[in-house]
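Taking it in order: structure first as structure tokens, then the write-up.
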Amino acid sequence: MADIKKINEQLSIAPQLTPAEIDQLPELGFKSVLNLRSPAENGFLTEEAQQIEALGIAYTLTPVTLPSLNEALITQVVKQIDNLPKPALIHCGSALRAGYMVILYQATKEGMTLDAAKQWSNELGFDMMRNPQLNQHFEDYINKIIWRK
């Protein structure tokens with residue numbers, strides 16, 4: 001099985017799954033999958049939606065690319081994660097975008113400060129500086145959410 005990382009009882013993240021791995025999702029208890037990959041990405045599985053839905057699992061595709069990333073898209077993804085049937089699997093090509101989005105979701109849901117969110121992400125094994133551009137979006141989004149409260 002791919003490197004599925006359980007964030008909590010309701011949310012897990014993963015890199016791109018193979019068709020054989022997708023077939024195992026019902027056994028793992030997943031009720032939904034959110035794919036953050038763009039169909040233009042190398043390695044995008046064009047049959048993924050059909051395969052997942054045929055297993056009785058809800059499927060959502062919301063492409064998240066660095067050029068398209070902004071506050072509105074992050075808010076859209078955070079809302080989608082909130083509304084997914086749980087337990088849910090969120091994935092992208094390497095699990096990096098999925099990890100950022102799930103951490104943003106949980107951090108905003110729990111009202112974490114930026115420092116607390118970064119500490120939690122480090123405890124989960126995410127190096128926020130691995131991608132400075134994603135890190136900047138992460139910081140900006142959490143700071144805006146805190147400011148609005």
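Going by full-length UniProt numbering, the first residue of the sequence shown is number 1, and it counts up by one from there. Idealized CB from N, CA, C, for every residue including glycine. Computed from a prediction, not measured in an experiment: that's the story for all the values here.
Taking the C-beta atoms as reference points, Cys92 is found nearer than 8 Å to Arg37. Non-local beta-carbon contacts of Phe126 in its own chain, meaning distances under 6 Å to residues more than five positions away in sequence, involve Gly99 in chain order. Where Ala40 is concerned, there is no enclosing beta strand (DSSP E), because DSSP gives it neither an H nor an E.
Nearest in C-alpha terms to Pro39, of all of Met128, Gly29, Leu61, is Leu61. In the same chain as Pro85, and ignoring 5 residues on each side of it, the C-beta atoms closer than 7 Å to its own belong to Lys31, Ser32, Ala58, in chain order. Beta-bridge partners assigned by DSSP to Ser94: none are found. Residues Val102 of the same chain have their beta carbon placed closer than 6 Å to that of Ile7, with the five preceding and five following residues left out of the count. Shortest Cα-Cα distance from Gly56 to any of Met128, Leu124, Asp23 involves Asp23. In the DSSP annotation of this structure, the continuous segment of the beta strand (DSSP E) that includes Ser12 starts and ends at 11 to 14.
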